[in-house]
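Colleague: Encoded as structure tokens, here's the structure I'll be asking about.
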Amino acid sequence: MKVLIVGSGGREHALAWKIKQSPMVKELYCAPGNGGIAQISECVDIPAEDIQRLVQFAKKKAIDLTVVGPEAPLVAGIVDVFKKEGLAIFGPSQLAAQLEGSKVFAKEFMQKYDIPTAAFESFDDIREARAFLAKAEFPLVIKADGLAAGKGVMICQNMEEGEESLVQMMEDKIFQEAGRRVIIEECLKGEEVSILAISDGKNYVLLDSSQDHKRIFDDDLGPNTGGMGAYSPAPIVDAELLRRIDESIIGPVIRGMKKEGAPFEGILYAGLMITIEGPKVLEFNVRFGDPETQVILPRWKNDLLEIMLACGEGRLNKVQLQWDPRPCVCVVMSSGGYPSKYETGKEILGLEKVQGKLDTMIFHAGTKKEGKKILTAGGRVLGVTALGRDILEAIERAYEVVEQIQFDRCFFRRDIGSKAMKHKGVRAPAGRQN
Ligand code: AMP
Ligand code: GLY
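In this note's numbering, the protein residues as written are -14 to 419.
As structure tokens, this is what we get:
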């Protein structure tokens, strides 16, 4: 089969790495890809958002399946366009992708189907939003309705911060049209986890749990990023909690979307807060998480292509997912300055020393190949990933590799995975206990 992957980050490198392991794959393409993806597939210079050129390419090459990584083309309707042209594609329709594309849609949907989430109000008039803030209790969370590359969420401690966020989103339009409408919601407390499910619109299966590390600095301090590291499984999610998440969240979403005439096909990502009242939804994504994918795929033993094909044919009820019980950890190495301004074009050294090390993988996020060199080309640069007999071994293996890679102004968190240690039955690392 010929497979095309759309996207250019660490998630897409992990997808390419995993899909390439399928004996069914004869040719693998990625648009636009990156320096690491180029080592295992043919990179095509088409941006992920250029749906028309992607269709033309898929037709010309007779691509058998296209797999979409990022949210922007999904929300823009890439799946509908491909299907109309008779091309097979893995991902949700434009209608179903609204779960991520519009926070107002997602919240109203959750309200309708009684899915636990933070209490909220939505506003398209800044005066009304202000009036609401004046009577509200802080902290609270202000979110831009539309896509804002993971930056459209502001946690406000007081009226001043709330006022500033409203002005930035609704008047200064820092997220363009995405901030035309906003949501103001209750600030939830607890530990965050990511639960992903694969669905064919009717049947669905939960994937193993994972946890992201969204803040830039150790101990979850500093501004939010796209994700500075992840681990899977998340020990906070025991069988009982997973059952509850399935019953109160994932099941109702899949059944509700079908009822709405927008059956959800693809990967449903539920970002959850585990509160004292139980799991509540922070957000939905309609695709694999980044960097969660980098820790889920190395543990997922099935042929991913086979599962995606089963999904396209509505046969997910016939598949049994298999997992490597070993924990997996991914440490993101980023450019100094990220998530604000950072420089690119720095040469990455040491990659060859760690290539092919047992149970470790280096997924490229923002890199490009120039001649024989690999240069930094984004905020998140590499996702150094390792499996271990236990979380501690996985953490140590990942950091052992991280220590051998260098580039100018390289930055990474030193506490990835340590939250898993707090939970019962997990061996704590020497000197890294919290
Ligand atoms: P989102 O893009 O909606 O996942 O938000 C990004 C991050 O903001 C989440 O991962 C949380 O850390 C935080 N966040 C979002 N909504 C809330 C909320 N209602 N209460 C507390 N934290 C939140
Ligand atoms: N890791 C968060 C996301 O993929 O949106």
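Ideal Cβ placement from N, Cα and C applies to all residues, glycine included.
What you are looking at is a predicted structure, and each value in this text was computed from that prediction instead of being measured.
1) Per the contact definition of three or more C-beta pairs closer than 8 Å, is the segment 6 to 24 in contact with the segment 317 to 331?
2) Under 8 Å, with one C-beta from each stretch per pair, do the segment 87 to 103 and the segment 161 to 174 reach the 3-pair mark?
3) Please state if the CB of residue 272 and the CB of residue 125 are separated by a distance shorter than 9 Å.
4) Excluding the 5 residues preceding and the 5 following residue 260 in the sequence, name in chain order all residues of the same chain whose CB lies nearer than 8 Å to its CB.
5) Have a look at the DSSP bridge pairing and note the partners of residue 269.
6) If we count the other Cβ atoms within 10 Å of its Cβ and call it buried at 16 or more, is residue 196 buried or exposed?
7) Which runs of the alpha helix (DSSP H) fall wholly inside the segment 62 to 123 and span at least 4 residues, in chain order?
8) What number of angstroms, rounded off, separates the C-alpha of residue 229 from the C-alpha of residue 45?
9) Using a Cβ distance threshold of 8 Å, determine whether the segment 272 to 292 contacts the segment 106 to 113, with at least three qualifying pairs required.
10) Just to confirm, does residue 179 get its C-beta within under 8 Å of one of the non-hydrogen atoms of ligand 2?
11) Can you give the Cα-Cα distance for residue 289 and residue 298, rounded to whole angstroms?
12) When DSSP builds the beta bridges, which residues end up paired with residue 200?
13) Suppose only complete runs of 4+ residues qualify. What are the alpha helix (DSSP H) ranges in the segment 7 to 60, listed by chain order?
14) Compare the Cα-Cα distances from residue 170 to each of 286, 270, 121, 94 and report the closest residue.
15) Could you tell me whether any non-hydrogen atom of ligand 2 is closer than 8 Å to the CB of residue 131?
16) Do the CB positions of residue 21 and residue 347 come within less than 9 Å of each other?
17) Compute the minimum distance between the beta carbon of residue 215 and the heavy atoms of ligand 2, and state whether it is under 8 Å.
18) Evaluate residue 316 with the Cβ neighbour count: other Cβ atoms within 10 Å of its Cβ, from every protein chain shown; 16 or more gives buried, anything less gives exposed.
19) Thinking C-alpha only, which one of 57, 55, 67 is nearest residue 37?
20) Does the beta-carbon of residue 197, which I'm using as the reference point, lie nearer than 8 Å to any heavy atom of ligand 1?
21) How would you write the range of the beta strand (DSSP E) that residue 222 sits in, first residue to last?
22) Are there 16 or more other CB atoms within 10 angstroms of the CB of residue 143, so buried, or fewer, so exposed?
23) Kindly indicate the opening and closing residues of the alpha helix (DSSP H) around residue 384.
24) Leaving aside the five residues before and after residue 451 along the sequence, list all residues of the same chain whose C-beta is less than 8 Å from its C-beta, in chain order.
25) Ligand 2 heavy atoms versus the CB of residue 275: any closer than 8 Å?
26) Per DSSP, what are the beta-bridge partners of residue 424 in this structure?
27) Contact defined as beta carbons within less than 8 Å: I believe residue 1 pairs with residue 282. What is the distance between those atoms, to the nearest angstrom?
28) So, under 8 Å CB-CB, residue 251 and residue 268 are touching, yes? Tell me the CB distance rounded to an integer number of Å.
29) Can you tell me whether residue 95 sits near ligand 1, meaning its C-beta is under 8 Å from at least one heavy atom of the ligand?
30) Which class does residue 408 belong to by DSSP, given the choice of helix, strand or coil?
Modeller: On the basis of the supplied data:
1) Contact fails: fewer than three Cβ-Cβ distances are below 8 Å.
2) Segments in contact, yes.
3) The answer is no: Cβ separation not under 9 Å.
4) 173, 174, 175
5) 255
6) buried
7) 63 to 69, 83 to 86, 88 to 97, 111 to 120
8) 46 Å
9) no
10) yes
11) 14 Å
12) Looking at the DSSP assignment, residue 200 forms a beta bridge with 209.
13) 36 to 45, 56 to 60
14) 121
15) The closest heavy atom of ligand 2 lies 8 Å or more from the beta carbon of residue 131.
16) Yes. Within cutoff.
17) yes
18) buried
19) 67
20) yes
21) That residue, residue 222, is in no beta strand (DSSP E); it is neither H nor E in DSSP.
22) Result: exposed.
23) 376 to 387
24) As shown, the chain starts at -14 and ends at 419. That puts residue 451 outside it, with no answer to give.
25) yes
26) The shown model of the chain, from -14 to 419, leaves out residue 424, and the question about it has no answer.
27) A Cβ-Cβ distance of about 10 Å is found for the pair residue 1 and residue 282, leaving them out of contact under the 8 Å criterion.
28) The pair is not a contact, with the Cβ atoms about 16 Å apart (cut-off 8 Å).
29) no
30) Note: residue 408 maps to coil in three-state DSSP.
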